[in-house]
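The listed protein sequences correspond, in order, to chains B and Y. The working numbering puts the first residue of the first sequence at 303, with every later residue one more than the last. The working numbering puts the first residue of the second sequence at 203, with every later residue one more than the last. Glycine included, each C-beta is placed from N, C-alpha and C at the ideal position.
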Amino acid sequence: DAKTTQPPSMDCAEGRAANLPCNHSTISGNEYVYWYRQIHSQGPQYIIHGLKNNETNEMASLIITEDRKSSTLILPHATLRDTAVYYCIVRGSFVALNFGKGTSLLVTP
Amino acid sequence: NAGVTQTPKFQVLKTGQSMTLQCAQDMNHNSMYWYRQDPGMGLRLIYYSASEGTTDKGEVPNGYNVSRLNKREFSLRLESAAPSQTSVYFCASSGDSRKNTEAFFGQGTRLTVV
């Protein structure tokens, strides 16, 4: 599976959009981009995933560049409860998710 | 819906003791996983079971054994606990590990080995 690079930490004001970047320059054609988050040492929670088209669900939007070498997770209106560690994971043929260190997002009042 | 249930939630062991961490899922998922998370680190895969009757090593399998008891249950055993195994252990399940479906995680077992 391809390696991902994320900033270690980010801040966002409550009510504003949080844009979390992820680089995955070695991604191959059959690999999906997944996003999970972990709130205060709870079990990770699935957010969204995509292959090449942009995706949106009730939690977030996922924007994948045309060359698929990077992506951005967008939380449109961040709340204090969105403070968490966010993991960008590229998954292909290997069966399990490989977690890196993620981005620690702090949403401030 | 219970989802993925782990027991116990907390455990303290003495070095050399053994114990089994239990995990059960009620979503009829084929694939199950065990991860560990050390302070300030991401999750690392210990073992996984792609389907009932199969198990495979992950990134950090040394010191652990697993049993896929049936489709619902996947246990992790520490035969002789060591302080280096102090960690938070997460179990997860997914519909089919070869398809791109989401994984669901339990709330973790916090293990301290003294």
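Contacts around residue i, its chain only, beta-carbon distance under 8 Å, and the 5 residues preceding and following it disregarded
i, result
"G352 of chain B", "Y334, V335, L364, I366 and S373"
"P263 of chain Y", "I248 and Y249"
"D258 of chain Y", "Y249, Y250, S251 and A252"
For residue i, three-class secondary structure by DSSP
i, result
"D228 of chain Y", "coil"
"R274 of chain Y", "coil"
"L382 of chain B", "helix"
"P285 of chain Y", "helix"
"L324 of chain Y", "Here chain Y has residues from 203 to 316 only, and residue 324 of chain Y is not among them."
"E357 of chain B", "strand"
"H342 of chain B", "coil"
"M312 of chain B", "strand"
"M234 of chain Y", "strand"
"R318 of chain B", "coil"
"D258 of chain Y", "strand"
"S327 of chain B", "coil"
"N267 of chain Y", "strand"
Cβ-based neighbour list, residue i, same chain, cut-off 7 Å, excluding 5 preceding and 5 following
i, result
"L407 of chain B", "M312, C314, A320, L322, D384, T385, A386 and Y388"
"A284 of chain Y", "T217, G265 and V315"
"T288 of chain Y", "L313, T314 and V315"
"N267 of chain Y", "R279 and E281"
"E304 of chain Y", "S296"
"N272 of chain Y", "E254"
Contacts that residue i makes with chain Y (C-beta to C-beta distance below 8 Å)
i, result
"K371 of chain B", "Neighbours of K371 of chain B on chain Y: none; closest Cβ ~19 Å, over 8 Å."
"G331 of chain B", "Result: empty, since nearest Cβ-Cβ is about 13 Å, beyond 8 Å."
Contacting residues, own chain, Cβ-Cβ under 6 Å from residue i (five flanking each side not counted)
i, result
"E357 of chain B", "I350 and L364"
"M361 of chain B", "I349"
"N332 of chain B", "G394"
"T307 of chain B", "N325"
Neighbour list for residue i in chain C, Cβ cutoff strictly below 9 Å
i, result
"Y266 of chain Y", "Reference to chain C is not applicable here, since the protein chains of this structure are B and Y."
Residue i: contacting residues in chain B (beta-carbon distance under 9 Å)
i, result
"F307 of chain Y", "Y338, Q340, Q344, G345, P346, Q347 and Y348"
Start and end residues, beta strand (DSSP E) containing residue i
i, result
"A305 of chain Y", "A305 to F307"
"G352 of chain B", "Q347 to G352"
"L245 of chain Y", "L245 to S251"
"F212 of chain Y", "F212 to L215"
Chain-ordered neighbours of residue i on chain B, where CB pairs are closer than 7 Å
i, result
"F292 of chain Y", "G345"
Can at least three beta-carbon pairs, one atom from the region 211-226 of chain Y and one from the region 369-387 of chain B, be found at a separation below 8 Å? Too few Cβ pairs lie closer than 8 Å, so no.
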